[in-house]
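There are 2 protein chains.
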Amino acid sequence: MSFDLKELDEVSQTLKLLGDKTRLTIMKLLENQERCVCELVEFFKTSQPSISQHLRKLKDAGLVKENRRGQWIFYSVNPSSAQYELIQKLIAFVPSQDHALEELSKKGVISCE
Amino acid sequence: MSFDLKELDEVSQTLKLLGDKTRLTIMKLLENQERCVCELVEFFKTSQPSISQHLRKLKDAGLVKENRRGQWIFYSVNPSSAQYELIQKLIAFVPSQDHALEELSKKGVISCE
DNA sequence: TCAGTATATAACTATATACTTATATAAACA
DNA sequence: TGTTTATATAAGTATATAGTTATATACTGA
Chain W
12 MSFDLKELDE VSQTLKLLGD KTRLTIMKLL ENQERCVCEL VEFFKTSQPS ISQHLRKLKD
72 AGLVKENRRG QWIFYSVNPS SAQYELIQKL IAFVPSQDHA LEELSKKGVI SCE
Chain A
12 MSFDLKELDE VSQTLKLLGD KTRLTIMKLL ENQERCVCEL VEFFKTSQPS ISQHLRKLKD
72 AGLVKENRRG QWIFYSVNPS SAQYELIQKL IAFVPSQDHA LEELSKKGVI SCE
C-alpha cells in the first residue's frame, strides 16, 4: 500500500470519528484541558457506557490519551497523534462550549477531585 | 435551537460526509477543477450509481454544485457554501491525486467533451 | 422519432454504528 | 474485607449507510 493511500485512510478515518456530534464536542471540550469521564457524562446528559464507548474509539485512533488519578480517568488530546494538526484546525470551527460548561460548574457538577 | 447548536450540527454533518474515502477524494479532485460524473466513475473504478449517490449527498449538503453541459453534468466545489472555509482546510490534508489522474488521462479515459 | 450515451433514482441487501441494559474491573475507604 | 464510586466491556437492538441491480430521465445526433 502506498503512503498516499495510508494517509487518505487516516484522514478519512479521523473525519469519520469526528463526524459524530458527541465525539466532536468531546474533542472541543478537551481542546485546552483534560476532563474526567464523569464530567463528560454530566455534560452530555447521557449514559456512562455511551461516553466510555466514544472515548474508546477516540483512544483507539490515538486522538486522545488517558491518565488515571485515583478513581478518575482523565482524558486529554494526544499531541503526538499524526492527526494532531488536522484536529486542531477542525475544532477551531466548533463553537465554544464555555456557556454550557459554566452552567455545569455553577451547579457544582464539575469537580471530580 | 441556538446558533451554536446549528453550527455544531453543520460542522459534524460536514465531517461525517467527508469521513467517507470516496467523498473525501471527490472533494479533493474538485479542489481546482470541475469534473463530470463519468470521469469520477472511471477514477474510482466503481459503479455509476454509487458515484451519483455520493454526489447527491454532497450536493444536498451544499458542498458541491452541478452544471449541465449537453449530456454531461459537471460538478465543482460550491464556494458559497457556509462550510467552504472548513472544506478548503480539510482537503489540504488529503494527498494529491495527481499521479492517479495522470494514469487515467494517459489512457485517454478522461475526456468528456 | 429512434438509438445511444450520461446521469439519476428506486428498491434491496449487507454491514456499520450508536445506544441501552447488565455486568465486570479497579480504586478508595470504612 | 465489604461497600461505594468511577470506569470499561459485553451483548443485544434499532437505525444508518454504502453498495448492487434494475429502471427512469435527459440530452444528442442520425
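These protein sequence lines map, in sequence, to chains W and A.
Once you know that position 85 of the first sequence is 96 in this note's numbering, the rest is easy, because the numbers rise by one and skip nothing.
Once you know that position 111 of the second sequence is 122 in this note's numbering, the rest is easy, because the numbers rise by one and skip nothing.
Glycine included, every Cβ here is placed at the ideal spot set by N, Cα and C.
Query                                                                                                                                                                           : Result
Of all the CB atoms in chain A, is at least one closer than 9 Å to the CB of W/Asp15?                                                                                           : yes
Along the segment 103-118 of chain W, what residues have a CB closer than 9 Å to any CB found in chain A?                                                                       : Ala103, Phe104, Val105, Pro106, Ser107, Gln108, His110 and Ala111
Quick one: what does DSSP say W/Lys76 is sitting in, helix, strand or coil?                                                                                                     : strand
List the residues that DSSP assigns as beta-bridge partners of W/Ile84.                                                                                                         : W/Arg79
Evaluate A/Ser23 with the Cβ neighbour count: other Cβ atoms within 10 Å of its Cβ, from every protein chain shown; 16 or more gives buried, anything less gives exposed.       : buried
Should W/Glu50 be labelled buried (16 or more other beta-carbon atoms within 10 Å of its own) or exposed?                                                                       : buried
Determine the contact status of A/Glu42 and W/Val105, defining contact as a CB-CB distance below 9 Å.                                                                           : no
Report the neighbours of W/Glu18 on chain A: residues whose CB is nearer than 9 Å to its CB, in chain order.                                                                    : Phe104, Val105 and Pro106
Taking W/Asn89 and W/Lys68 to be in contact with their CB atoms under 8 Å, please state how far apart those CB atoms are, rounded to whole angstroms.                           : Contact flag wrong, Cβ pair sits at about 13 Å.
When the Cα atoms are used, what is the spatial distance from A/Lys100 to W/Ile102?                                                                                             : 12 Å
Starting from the beta carbon of W/Leu29, find every residue of chain A whose beta carbon is closer than 8 Å, and list them in chain order.                                     : Ser23, Leu26 and Gly30
Could you tell me which chain A residues have their CB closer than 8 Å to the CB of W/Thr36, listed as they occur along the chain?                                              : Leu19
Under 7 Å Cβ-Cβ, which residues of chain A neighbour W/Leu97?                                                                                                                   : Phe104
Leaving aside the five residues before and after W/Met12 along the sequence, list all residues of the same chain whose C-beta is less than 6 Å from its C-beta, in chain order. : Because the pLDDT at W/Met12 is just 49, under 50, the model does not fix this residue reliably, and the point stays unresolved.
Determine the direct distance from the alpha carbon of A/Gly30 to that of W/Leu28, and round the result to whole angstroms.                                                     : 8 Å
Fully enclosed by the segment 16-43 of chain A, which alpha helix (DSSP H) runs are 4 residues long or longer?                                                                  : 32-40
Run down chain W in chain order and give the residues with a C-beta less than 9 Å from the C-beta of A/Lys100.                                                                  : Leu97, Lys100, Leu101, Ala103 and Phe104
Please say whether W/Gln44 and W/Ser87 have beta carbons closer to each other than 9 Å?                                                                                         : yes
Out of curiosity, what's the CA-to-CA distance linking A/Ala111 and A/Leu40?                                                                                                    : 11 Å
Among W/Lys32, W/Cys47 and W/Thr36, whose alpha-carbon lies nearest the alpha-carbon of W/Trp83?                                                                                : W/Cys47
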